[in-house]
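Visitor: For the protein sequence lines, the chains are X and C, in the order given.
Per my numbering, residue 1 is the first one in the first sequence, and the count goes up by one each step.
Per my numbering, residue 1 is the first one in the second sequence, and the count goes up by one each step.
Positions of the beta carbon are idealized from the N, C-alpha and C atoms, including for glycine.
Okay, handing you the structure first.
Number of protein chains: 2
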Amino acid sequence: MTDFLQRHIGEHIDLNDEEFHTVSKFFNSVKIRKRQFLIQENQSVDTMYLVKTGLLKSSLIDEIGKEHILQFANENWWISDFASFFKGEKSTVAVEVIEDAELFSITINDLEQLCKVMPKMEHFFRVKSNFGYVALQKRILSLMSHTAKERYDEFCLMYPNIFSRVPKRLIANYLGVTRETLSRLQM
Amino acid sequence: MTDFLQRHIGEHIDLNDEEFHTVSKFFNSVKIRKRQFLIQENQSVDTMYLVKTGLLKSSLIDEIGKEHILQFANENWWISDFASFFKGEKSTVAVEVIEDAELFSITINDLEQLCKVMPKMEHFFRVKSNFGYVALQKRILSLMSHTAKERYDEFCLMYPNIFSRVPKRLIANYLGVTRETLSRLQM
């Protein structure tokens, strides 16, 4: 099980077995079933999660009951309410399990402690955050400047693995289009 | 001039004068006039900028010539094409000066070197990246779930200082509405 974590971290930094042993003690394993909520709205969230297997989504329900999906997370993705996790705010998104999942979790206190005792891990998390930032900028530019059809094609191209596993209504809620529009785009 | 940089970094980490002296050698000062471009599209961008004074924007021009503004940056904001800076891709946004600006610049190589020689700075940049990530997630949720009127009100509330300094057509290009819609929202 820890093989996965070592490989995931090893994509950006080199850790020998002794260092990894230290790192692994900061993480816990979590198993969670389909349709369970990992995070609900209006909570204080002190944990973020790395997906080993399974699929989750974070989303916001607006005042008229419409769901807006901020993120899907499958293998090797991190998920949480990051505004709550990093800034201590109340959560605004809910995180729900779409496929039974095995996760690694780390609390904000353990994250900060880990970065202190092992500067390499601070580097790892900085790189992950930078790459996440870049991905979100692209999503914003896409939301602003691309048509629904272009966003649909991008999604299929970038996330074929998620596309094939997720109900179409959820893809519509991610792209910000109605289910009917999505059907039209698929033709 | 370095007082500003020391204060900016001091918001997240403690640096003594000797440490700050080391840090400051990794930065350069840049002055640039209104209407100049700091970054153009389709370049390799190896520098990011911290705004000491002035105001800039990063934006994308789509195929029909419409501008979409990704970011405004005034005092204490960082700006670049971050996909190019962090991931070595070709730039997709242009960065233009709206008000004469004084900036601090750092190259990607110097950033990585600085983080190596001073782990505290790796912490500083991780925190900045995390906070930036959270801000972008909020912008995505806002683009997806809020009306133009709500986005306009949020912008006035969150960035009163930018609102008062920027031509209204640029605010429309940031909010993703037409100039006519913006006029209606202001009534």
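Does X:Ile106 get closer than 9 Å to chain C when you measure Cβ to Cβ?
Guide: So, not an interface residue.
Visitor: Please name the residue, chosen from X:Ile98, X:Phe155 and X:Asn173, that lies closest to X:Phe37 on a Cα-to-Cα basis.
Guide: The candidate whose alpha carbon is nearest that of X:Phe37 is X:Ile98.
Visitor: How about C:His188: is its C-beta nearer than 9 Å to some C-beta of chain X?
Guide: Since the first residue of chain C shown is 1 and the last is 187, residue 188 of chain C is not available in this structure.
Visitor: Can you name the residues that DSSP bridges to C:Thr107?
Guide: DSSP lists C:Thr47 as partners of C:Thr107.
Visitor: Measuring straight from C-alpha to C-alpha, what distance separates C:Ile140 and X:Leu70?
Guide: The straight-line gap from Cα to Cα measures roughly 7 Å.
Visitor: Could you give the DSSP three-state label for C:Asp100: helix, strand or coil?
Guide: C:Asp100 falls in the strand class under three-state DSSP.
Visitor: Looking at the secondary structure, which residues open and close the alpha helix (DSSP H) in which X:Glu150 lies?
Guide: Per DSSP, X:Glu150 belongs to the alpha helix (DSSP H) from Ala148 to Met158.
Visitor: Buried or exposed, going by whether 16 or more other CB atoms sit within 10 Å of the CB of X:Gly54?
Guide: So X:Gly54 ends up on the buried side.
Visitor: Is it the case that the Cβ atoms of X:Tyr133 and C:Gly132 are separated by a distance below 9 Å?
Guide: In contact: X:Tyr133 and C:Gly132 (Cβ atoms closer than 9 Å).
Visitor: Enumerate in chain order the residues of its own chain whose CB-to-CB distance from X:Ile13 is below 7 Å, with the five nearest sequence positions on each side excluded.
Guide: Contacts found: Lys120, His123 and Phe124.
Visitor: Helix, strand or coil: how does DSSP classify X:Glu75 here?
Guide: If DSSP states are grouped into helix, strand and coil, X:Glu75 belongs with coil.
Visitor: Can you tell me whether C:Leu15 is helix, strand or coil according to DSSP?
Guide: It is coil, neither helix nor strand.
Visitor: Is the Cβ-Cβ distance between X:Ser91 and X:Asn42 less than 9 Å?
Guide: Closer than 9 Å, so yes.
Visitor: What did DSSP end up calling X:Asn28 once you bin it into helix, strand or coil?
Guide: DSSP places X:Asn28 in strand when its eight states are reduced to three.
Visitor: Mapping DSSP to helix, strand and coil, what is C:Lys52?
Guide: Here C:Lys52 sits in strand by DSSP.
Visitor: Work out the CA separation of X:Gly10 and X:Ile106 for me, nearest whole Å.
Guide: Computed Cα separation, rounded: 17 Å.
Visitor: For C:Met48, tell me which candidate among C:Lys34, C:Leu60, C:Gln40 and C:Phe82 has the shortest Cα-Cα distance.
Guide: Closest option to C:Met48, Cα to Cα, is C:Phe82.
Visitor: Could you have a look at X:Glu122 and say whether DSSP puts it in helix, strand or coil?
Guide: Three-state DSSP puts X:Glu122 in a helix.
Visitor: Taking Cβ positions, are X:Gln186 and X:Tyr159 nearer each other than 9 Å?
Guide: Cβ atoms of X:Gln186 and X:Tyr159: not closer than 9 Å.
Visitor: Does C:Glu67 come out as helix, strand or coil in the three-state DSSP assignment?
Guide: Three-state DSSP puts C:Glu67 in a strand.
Visitor: Quick one: measure Cβ to Cβ for X:Asn74 and X:Asn173, integer angstroms, because I've assumed they're closer than 8 Å.
Guide: Contact doesn't hold; Cβ gap of about 17 Å is too wide.
Visitor: For C:Lys31, collect the residues of the same chain with a Cβ closer than 8 Å to its Cβ; drop the 5 residues on either side in sequence, then sort them by chain order.
Guide: Closer than 8 Å at Cβ, skipping near neighbours: Asp100, Ala101, Glu102 and Leu103.
Visitor: Which chain X residues are close to C:Ile140, counting only those with a beta carbon under 8 Å from its beta carbon?
Guide: By Cβ distance, chain X contributes Leu70, Leu136, Arg139, Ile140 and Leu143.
Visitor: If the cut is a Cβ gap below 9 Å, which residues of chain X does C:Glu154 touch?
Guide: Going along chain X, no residue has its Cβ under 9 Å from C:Glu154, so there is no contact; the nearest lies around 13 Å.
Visitor: Do C:Asp62 and X:Ser145 have their C-beta atoms within less than 9 Å of each other?
Guide: Contact flag set, yes.
Visitor: Using alpha carbons as the reference points, say which of C:Ile108, C:Arg184, C:Arg179 and C:Ser142 lies closest to C:Phe27.
Guide: Measuring from the Cα of C:Phe27, the nearest candidate turns out to be C:Ile108.
Visitor: Quick one, which of X:Ser84, X:Leu56 and X:Lys149 has its alpha-carbon nearest X:Arg33's?
Guide: The residue with the shortest Cα to Cα distance from X:Arg33 is X:Leu56.
Visitor: What first and last residue would you give for the alpha helix (DSSP H) that runs through X:Arg165?
Guide: Per DSSP, X:Arg165 belongs to no alpha helix (DSSP H) and is neither H nor E.
Visitor: Does C:Leu15 have its Cβ less than 9 Å from a Cβ in chain X?
Guide: Cβ-Cβ to chain X under 9 Å: no for C:Leu15.
Visitor: Would X:Gln188 pass as a contact of C:Leu136 if the rule is Cβ separation under 9 Å?
Guide: No statement about residue 188 of chain X is possible, as the shown extent of chain X runs from 1 to 187 and does not include it.
Visitor: Indicate the three-state DSSP secondary structure (helix, strand or coil) for X:Ser145 in the structure shown.
Guide: Of the three classes helix, strand and coil, the one that applies to X:Ser145 here is helix, per DSSP.
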